[in-house]
Amino acid sequence: MVNTELLKKHASQYKITKDTAGEYHKQLFTLHPELAQFYDAEDIDPDSITKVRSKVHHAWAAGTSVFFQKLLKGEEFCCTAYSDVGFPMKEFNKVGDAFLAAMEKNAGGVTAEQKKEWEELFKKAYADMKTWGWY
């Protein structure tokens, strides 16, 4: 059973601002460059992503944040942050390390207990997506 209270508290420490909004995608494209193609970002240097201040980019991060908040609350949701941009759901299992790297940088770090619980949440989410026929 995932300790959602611990994760909610940890997630609340990450404030999405124009300076932090791009960190998740910077980490995602650095750790998994093959995934940038799904965002038409394969020609963008991941280090430049955090300097982008456009509303579109901020919306990406906000959409991702909503997605994870709904996971934490156990709510039903429609995945708009991934499948609607052409991101194959079978690749979702690759986003956890990028998420944790962004949390490490902008949420005051990640303890061993937090990491274990986040990894369990991602594992559960990925398994659930398969049972729902999303991939």
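When we follow this note's numbering, the leftmost residue of the sequence shown carries the number 30, and every step to the right adds one. Where is the CB? At the ideal position from N, CA and C, for every residue including glycine. All values derive from a computational prediction rather than experimental measurement.
- Under the three-state reduction of DSSP, E34 is assigned to helix.
- In this structure the region 119-139 lies against the region 46-53, because at least three pairs of beta carbons, one per stretch, are closer than 8 Å.
- If you check the CB distance, L36 and E142 do not come in under 8 Å.
- When the beta-carbon positions are compared, Y155 and P117 stay at least 8 Å from each other.
- By the neighbour-count criterion, in which 16 or more other beta carbons inside 10 Å mark a residue as buried, T79 falls on the buried side.
- Y43 places its beta carbon less than 8 Å from that of A136.
- The Cβ-Cβ distance between V139 and E148 does not fall below 8 Å.
- Take the alpha-carbon of D72 and the one of T46: they are about 24 Å apart.
- In the three-state DSSP reduction, W147 falls in the helix class (H, G or I).
- Measuring C-alpha to C-alpha distances from M30 to each of M158, K152, T160, W161 identifies K152 as the nearest.
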